[in-house]
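Student:
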Amino acid sequence: MAPVSEQTIFRNAKLADGSLADLCVTDGRFNAIAPAGNAPLAGPAAIMVDLGGQLVVPAFVEGHIHLDTSFHGDAWRPHIPCTNGFDVRERVAFQAQNLAAAAPMAERAKNQLELCIGHGSLAMRSHVMVDGSVGLSHVETVLAVRETYRDLIDIQLVAFPQSGILSSPGTAELLDEALKLGCDLIGGLDPASFDRDVKGHLDAVFGLAQKHGAGVDIHLHDGGTLGLFQVEEIAARTKALGMAGHVTVSHAYGLGDIPADALAKAGEMLAAAGVAIMTNAPGNHAFPPVAALRQAGVTVFGGSDNIRDSWWPYGDGDMLSRANMIGYRSGFYEDRELADAFDVVTHAGAKALRLADYGIMVGAKADFVAMRALHVPEAVVAVPKDRTVYRRGKVVAGDGTILAR
Ligand SMILES: [Zn+2]
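In this note's numbering, the protein residues as written are 23 to 427.
#1: Taking C-beta to C-beta, are aspartate 244 and glycine 222 nearer than 8 angstroms?
#2: Can you look up glutamate 84 in the DSSP assignment and give me helix, strand or coil?
#3: Is it buried or exposed, methionine 383, if we count other Cβ atoms within 10 angstroms and call 16 or more buried?
#4: To the nearest angstrom, how far is the alpha carbon of arginine 394 from that of glycine 142?
#5: Taking three-plus beta-carbon pairs below 8 angstroms as touching, is the region 334-348 in contact with the region 301-320?
#6: Hey, could you find the ends of the beta strand (DSSP E) leucine 211 is sitting in?
#7: Taking only three categories from DSSP, how would you classify methionine 430?
#8: Could you give the uninterrupted runs of the alpha helix (DSSP H) lying entirely in the region 37-119, keeping only those of 4 residues or more?
#9: Find out if the Cβ-Cβ distance for the pair leucine 135, valine 167 is shorter than 8 angstroms.
#10: May I have a chain-ordered list of the beta strand (DSSP E) segments no shorter than 3 residues that lie completely inside the region 222-283?
#11: So serine 148 is in the beta strand (DSSP E); what residue range does that whole segment cover?
#12: Specify whether the region 148-163 and the region 96-104 touch according to this definition: at least 3 beta carbon pairs, one from each stretch, less than 8 angstroms apart.
#13: State whether the region 275-295 contacts the region 252-267, with contact taken as three or more CB pairs (one from each stretch) at a distance under 8 angstroms.
#14: Alpha carbon to alpha carbon, how far is alanine 426 from threonine 410?
#15: Going by DSSP, what residues sit across from threonine 30 in a beta bridge?
#16: What I want to know is whether the C-beta of serine 272 ends up closer than 7 angstroms to one or more non-hydrogen atoms of ligand 1.
#17: Exposed or buried, which one is isoleucine 329 when buried takes at least 16 other CB atoms within 10 Å?
#18: Going straight from the alpha carbon of proline 281 to that of leucine 242, what length do you get?
#19: Pair every Cβ in the region 187-206 with every Cβ in the region 222-240, then say whether three or more of these pairs are closer than 8 angstroms.
#20: Quick one: any contact between the region 126-134 and the region 81-97, if contact means 3 or more CB pairs under 8 angstroms?
#21: On the DSSP letters alone, give me the boundaries of the beta strand (DSSP E) that alanine 194 sits inside.
#22: Indicate whether leucine 73 and alanine 404 have their beta-carbon atoms separated by less than 8 angstroms.
#23: Going by the C-beta, is histidine 88 closer than 7 angstroms to any heavy atom of ligand 1?
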């Protein structure tokens, strides 16, 4: 006998265009979306859920996080300032001290995952540190945690050279091994200011990407023309290797402090090469101009980055509050601009992460969030915390708490 399909009909869902609809979910996917009251006849075993006019949006995409280094749910770690201005090497040393005294990594990673899922993120890209001091231990732990949460959230892992590649002997081999173990992308870190060898660093990163058929996601904090130069180098390689849609520059602060004509040129180049930009709208830095880059056709997506770790004490794992922050720092006031901020944490993230069948549409996976809001722009401004999170049409979290495991 053929297995009976599981069917749920969500009545009175408010869509992004303001209309009320009935959403039919069969075997975890939307198979019909009809004006409210017009859902196709349900099978006898169908479950009916009345959403009562709540706004329904696709589950959020957490595009950049560090599952291995957060202390969320662990003891509070007071921030230690650098002794002589911001210094990545010094911060990595503080991080090592903090991690030595922390709860087990698997426990901290799970705390952070549940925080994110509770707020409605059901897809994520996490960077995981690989270097001579920790070897592959972080990757092995986070790979196991990913497996445990496979039914709740889709996770991509980036093998992240936190201590550089050329300046940390043995790291290139470890990154190679991390990709063999199951990491999906190869990371990078400030090729100029950290390894002081842009060509050497990018040769290693793109060489590994080609070898494994992996995507690339490079942390680039360098500002001004030094940052711009590296963005151009990354775009040129992406184009030359035919890797459009598979490469991200995370942070790219430099795009936020260059003249308008240089930015326009960079935007054109990034769009043509198919390189995405990730921003978390950082607190005290220039950051990529979201509107101008989107206008140029660049995919700009969002992430929390650090959450209560050795880099800063902020971060709540809520991508709707991140959309609020991105909109606030970008000076977005009009409804269409607020909707753009929302797009950064939903559809643009899905595009950058190459998620298949994403969104509120027939055929898509029924991963969505329901909440009380007038519409999308109001949700970005109000950030309602009372939400219900559905994974493949089934409730997994409510009011920030995981309900299903
Ligand atoms: Zn990061």
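By construction, the Cβ of each residue, glycine as well, lies at the ideal position given by its N, Cα and C atoms.
Tutor: This is what the structure holds:
#1: No. Outside cutoff.
#2: Three-state result, glutamate 84: strand.
#3: Per the 10 Å Cβ criterion, exposed.
#4: So the alpha carbons of these two residues sit roughly 14 angstroms apart.
#5: Under the 8 angstroms Cβ criterion, the region 334-348 counts as touching the region 301-320, having at least three qualifying pairs.
#6: Unbroken beta strand (DSSP E) run through leucine 211: 207-211.
#7: Limits of the chain in this structure are 23 at one end and 427 at the other, which puts residue 430 out of reach.
#8: For the region 37-119, there is no continuous alpha helix (DSSP H) assignment of 4+ residues that stays within its boundaries.
#9: Closer than 8 angstroms, so yes.
#10: Runs of the beta strand (DSSP E) inside the region 222-283: 237-242, 269-273.
#11: Residue range 143-151 is occupied by the beta strand (DSSP E) that includes serine 148.
#12: As far as the Cβ criterion goes, the region 148-163 does not touch the region 96-104, which means the pair count is below three.
#13: Pairwise C-beta distances place the region 275-295 in contact with the region 252-267, as three or more of them are shorter than 8 angstroms.
#14: Spanning the alpha carbons of alanine 426 and threonine 410 requires a straight line of approximately 12 angstroms.
#15: Paired residue(s): Val47, Ile69.
#16: For serine 272, the distance from the CB to the nearest heavy atom of ligand 1 is below 7 angstroms.
#17: Isoleucine 329 is buried by the Cβ-count criterion.
#18: For proline 281 and leucine 242, the distance between alpha carbons rounds to 19 angstroms.
#19: Flag = yes, the region 187-206 and the region 222-240 touch.
#20: They touch, by the three-pair rule.
#21: Premise fails: alanine 194 lies in the alpha helix (DSSP H), 193-203, not in any beta strand (DSSP E).
#22: 8 angstroms or more divides the Cβ of leucine 73 from the Cβ of alanine 404.
#23: Flag set: Cβ of histidine 88 near ligand 1.
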